[in-house]
Amino acid sequence: GPACYCGITARQFKFDVDLFTKFGPDFPKQYLTENKINFINSESEKKTTKFTISVNGSDRILTLENECDPIDYSSVDADGHIVSPIYHEISDDTLKKIKSDSNFLLVDPQGFMRKKDSQNNIVLENTNLDLSNVNAIKVNPEEAQHIVNGTNDEIMLALQKKGIEYVLLTNKTDVSLLVKDRVYSITLPNKQIHDTTGIGDIFCSSFCCTMLKEKDFLWALCFAGGAAQAALESRDVGLQKIPKKGIIQTNASYFYNLLKFRDL
5 GPACYCGITA RQFKFDVDLF TKFGPDFPKQ YLTENKINFI NSESEKKTTK
55 FTISVNGSDR ILTLENECDP IDYSSVDADG HIVSPIYHEI SDDTLKKIKS
105 DSNFLLVDPQ GFMRKKDSQN NIVLENTNLD LSNVNAIKVN PEEAQHIVNG
155 TNDEIMLALQ KKGIEYVLLT NKTDVSLLVK DRVYSITLPN KQIHDTTGIG
205 DIFCSSFCCT MLKEKDFLWA LCFAGGAAQA ALESRDVGLQ KIPKKGIIQT
255 NASYFYNLLK FRDL
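In terms of my numbering, the sequence shown opens at residue 5 and continues consecutively.
What follows is the structure in structure tokens.
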């Protein structure tokens with residue numbers, strides 16, 4: 005899940021990665037060891053949290069197959085943190101610990117609002133997630149409506165009011181970033197959508213890594229869009245779609261020249 009996609013993407017940016025995750029004996033951990041990713045207290049006797057995914061264009065239906073243990077977090081000296089749960093593995097207390105330890109924190113909140121119905125299909129429920137001390141958030145309109153209400157612009161403003169400096173809204177191929185009173189936007193030109201699994205994680209990791217390296221949110225937006233575009237264009241499935249730094253950089257320069265902005 006996000007641990008692999010975000011972690012391996014961060015390695016493309018030459019960051020060291022410490023993962024706080026949980027996986028069972030069924031998980032092929034060579035994906036982590038081959039990429040020199042450290043995992044801390046991650047192994048469980050339970051099977052790894054797993055979904056069956058039915059894909060229809062850019063829409064997906066997730067069905068929960070297994071649920072692993074919750075994640076333990078211990079203090080680590082890191083430049084930044086990405087919190088991206090998939091299903092109930094990060095408690096409010098764990099999130100609080102991460103916040104108190106983090107210099108730059110990006111949250112992808114999807115896993116905080118997921119619950120299962122009687123058929124084990126995943127549906128979203130409203131959450132009163134505490135977003136104080138979060139620097140950046142990445143949401144799509146459907147997820148965002150379970151945290152705040154309104155049009156896309158109202159959603160971004162409402163999230164900003166919760167104290168978030170960088171609000172990223174991804175709406176299929178349209179990507180917007182609200183900073184202060186201005187919305188910056190790019191459009192991904194991918195023609196055909198193949199496998200979208202992990203694209204959001206690749207996007208988040210690229211944004212976070214570029215922010216930490218360049219301290220420039222416009223480049224971070226363009227690198228994030230460039231990474232998502234490269235992953236989609238690869239037409240690969242699973243972790244094979246994580247792009248190399250060179251192609252991300254080429255795409256980022258392309259997007260930088262096409263950036264649009266408007267005041268809110």
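Every residue gets a Cβ at the ideal spot worked out from N, C-alpha and C, and that includes glycine. Quantities reported herein were computed from a predicted structural model and do not represent experimental measurements.
- Between the segment 17-26 and the segment 199-218 there are three or more inter-stretch CB-CB distances shorter than 8 Å, so the stretches are counted as touching.
- Nearest neighbour of D185 by Cα position, chosen from D267, Q233 and G230, turns out to be D267.
- Distance from H150 to N125 at the Cβ level is roughly 16 Å; contact not present, criterion being Cβ atoms closer than 8 Å.
- Shown here, E129 sits in coil according to DSSP, grouped into three states, outside any helix or strand.
- Cβ-Cβ distances below 6 Å link Q34 to nothing in the same chain once the five nearest sequence neighbours on each side are left out.
- Counting C-beta pairs with one atom in each stretch, the segment 102-122 and the segment 131-143 have three or more that are closer than 8 Å, which means they touch.
- Here the C-alpha atom of N39 lies approximately 16 Å from the C-alpha atom of F24.
- Leaving aside the five residues that flank A82 on each side, the residues in its chain whose CB is nearer than 7 Å to its CB run, in chain order, D22.
- Using a Cβ distance threshold of 7 Å, A234 and I251 count as a contacting pair.
- Under the DSSP definition of a beta bridge, A140 partners with L110 and Y170.
- Beta-bridge annotation (DSSP): I190 is paired with V179.
- DSSP places N70 in the uninterrupted beta strand (DSSP E) bounded by D63 to N70.
- The beta carbons of V171 and I141 sit closer together than 7 Å.
- A Cβ-Cβ distance of about 5 Å is found for the pair G28 and T52, placing them in contact under the 8 Å criterion.
- In this structure, the straight-line span from the alpha carbon of C10 to that of E71 is close to 20 Å.
- In this structure, the beta-carbon distance from I90 to G5 falls below 7 Å.
- Each of I206, S78, M117 and P193 was checked against the Cα of S104, and the nearest Cα belongs to S78.
- Contact between I86 and S189 does not hold, since their C-beta atoms are separated by about 22 Å, which reaches or exceeds 8 Å.
- When C-alpha distances from K264 are compared across I168, S238 and L192, the shortest belongs to L192.
- P74 and K219 have their C-alpha atoms roughly 33 Å apart.
- When secondary structure is reduced to three states using DSSP, D76 falls in the coil class, being assigned neither helix nor strand.
- Annotation: the continuous alpha helix (DSSP H) that includes S209 extends over I203 to E218.
- When beta bridges are read from the DSSP output, K103 appears opposite no residue.
- Between I246 and T37, the C-beta spacing is not below 7 Å.
- Exposed is the label assigned to E69, since fewer than 16 other Cβ atoms lie within 10 Å of its Cβ.
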